[in-house]
Amino acid sequence: MDPRISNLISSLAVPTAQAEAIANIFSDDLNLAAFLHGRSWDTSSLTNTACAVLKLILGETKVVTDSAHSSENWSQTCWNSPTCTILAESKNDVSIALKTIKFFGLKFAVRSGGHSPNPGWSSIGEAGILIDLQKLNAISLSADKKFATIGPGKRWGEVYEALDPHELSVVGGRIPQVGVGGLILGGGFFHFSGKYGLAADNVKNFEGRAR
């Protein structure tokens with residue numbers, strides 16, 4: 080087995096049975112062999128292989144190919160159909176997806192609320208993978224109620240509704256349907272940003288790390 084494949088499987092930290100199943104998928108894939116050795120390869124086929132591996136690891140409920148999960152947007156410019164959509168439910172799901180995508184060198188997009196009309200921002204076309212964060216939508220308050228921990232898939236309207244009973248609020252989006260993650264990545268203008276800064280300025284920390 081190519082050591083690059085062995086390293087990928089090892090990094091995914093999956094059970095032995097799954098590791099063997101992934102190795103079998105790779106061993107029978109001539110297109111993958113061409114990719115690894117720098118010969119001509121088909122990107123669509125390579126993306127299908129990545130989706131098959133992710134479905135094996137994460138399960139069929141988290142890796143879907145139907146259009147119902149690829150077009151949850153409000154603008155025609157982001158109604159693209161990916162090869163598969165990862166419905167992440169944990170940071171580990173996201174980590175596994177990104178490690179696999181990086182290995183294959185594939186195009187991908189990450190969707191928080193799906194509000195952005197820019198092509199490729201809220202979805203991605205064929206021969207690409209969409210990571211959907213809408214199930215990462217938990218929210219909690221610190222013991223002193225000075226900080227809120229908010230999942231990137233939460234929408235700002237839901238955030239305000241959750242904090243309102245505590246007579247609290249945060250610097251976030253002005254439109255309720257906008258997702259938390261996408262707005263913060265873009266800075267995030269609020270009604271009182273002139274006084275309190277952007278949404279991104281008010282983030283204490285992020286969970287996770289880039290590799």
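Numbering-wise (our numbering), the sequence shown opens with residue 80 and increments by one. C-beta atoms are modelled at their ideal positions from N, C-alpha and C, and glycine is treated no differently.
_With a threshold of 8 Å, are at least 3 pairs of Cβ atoms found where one atom belongs to the region 170 to 184 and the other to the region 219 to 227?_
No, because fewer than three Cβ pairs between the region 170 to 184 and the region 219 to 227 fall closer than 8 Å, the two stretches do not touch.
*Report the rounded CA-to-CA distance for residue 207 versus residue 162, giving the unit in angstroms.*
Residue 207 sits at position 128 when you count from the first residue of the sequence shown. Residue 162 sits at position 83 when you count from the first residue of the sequence shown. Taking the straight line from one Cα to the other gives about 6 Å.
*Consult DSSP for residue 287 and reduce its assignment to one of helix, strand or coil.*
As a working mapping, residue 287 is identified with position 208 in the sequence shown. Residue state, collapsed to three classes: coil.
*Could you give the distance in angstroms between the alpha-carbon of residue 233 and the alpha-carbon of residue 263?*
Along the sequence shown, read from residue 1 onward, the residue named residue 233 stands at position 154. Along the sequence shown, read from residue 1 onward, the residue named residue 263 stands at position 184. Computed Cα separation, rounded: 12 Å.
*residue 212 classed as buried or exposed, judged by whether at least 16 other C-beta atoms fall within 10 angstroms*: On the sequence shown, residue 212 is found 133 positions in, with the first residue counted as 1. If you draw a 10 Å sphere on the C-beta of residue 212, you find 16 or more other C-beta atoms in it, and that means buried.
*Which runs of the alpha helix (DSSP H) fall wholly inside the region 216 to 253 and span at least 4 residues, in chain order?*
DSSP runs (the alpha helix (DSSP H)) wholly in the region 216 to 253: 235 to 242.
_For residue 190, the residue or residues it bridges with in DSSP_ = Translated into the one-based positions of the sequence shown, residue 190 becomes position 111. Note: residue 190 sits in a beta bridge opposite 211.
*What first and last residue would you give for the alpha helix (DSSP H) that runs through residue 95?*
By 1-based counting over the sequence shown, the position of residue 95 is 16. Run containing residue 95: 95 to 106, per the alpha helix (DSSP H) assignment.
*Roughly how many angstroms separate the alpha carbons of residue 62 and residue 265, rounded to a whole number?*
Shown here, the chain extends from 80 to 290; a query on residue 62 therefore has no answer.
*For the 8 Å Cβ check, are there 3 or more pairs between the region 179 to 187 and the region 120 to 132?*
Short answer: they touch.
_Inter-residue Cα distance where the pair is residue 171 and residue 188_ = Along the sequence shown, read from residue 1 onward, the residue named residue 171 stands at position 92. Along the sequence shown, read from residue 1 onward, the residue named residue 188 stands at position 109. Approximately 17 Å between the Cα atoms of the pair.
*Spatial neighbours of residue 101 in its chain, beta-carbon cut-off 8 Å, leaving aside the 5 residues before and after*: As a first step, residue 101 is located in the sequence shown; it is residue number 22 there, counting from the start. In chain order, 88, 91, 93, 132, 135 and 136 place their CB closer than 8 Å to the CB of residue 101, counting only its own chain and leaving out the 5 sequence neighbours on each side.
*asked:* Based on DSSP bridge pairs, tell me the residues matched to residue 111.
replied: One-based indexing of the sequence shown puts residue 111 at position 32. The partner list for residue 111 (beta bridge, DSSP) is empty, contrary to what the question assumes.
*In the DSSP assignment, find the beta strand (DSSP E) that holds residue 185 and state where it starts and stops.*
Taking the first residue of the sequence shown as position 1, residue 185 is located at position 106. Unbroken run through residue 185: none, as it is neither H nor E.
*Could you tell me the boundaries of the beta strand (DSSP E) in which residue 164 lies?*
For the purposes of this step, residue 164 is identified with residue 85 of the sequence shown, where counting begins at 1. Run containing residue 164: 163 to 166, per the beta strand (DSSP E) assignment.
*asked:* Buried or exposed, going by whether 16 or more other CB atoms sit within 10 Å of the CB of residue 165?
replied: Start at 1 with the first residue of the sequence shown, and residue 165 comes out as number 86. Burial call: buried.
*residue 142 by DSSP, collapsed to three states: which one?*
Here residue 142 refers to the residue found at position 63 when the sequence shown is read from its first residue. Assignment of residue 142 by DSSP, reduced to helix, strand and coil, places it in the strand class.
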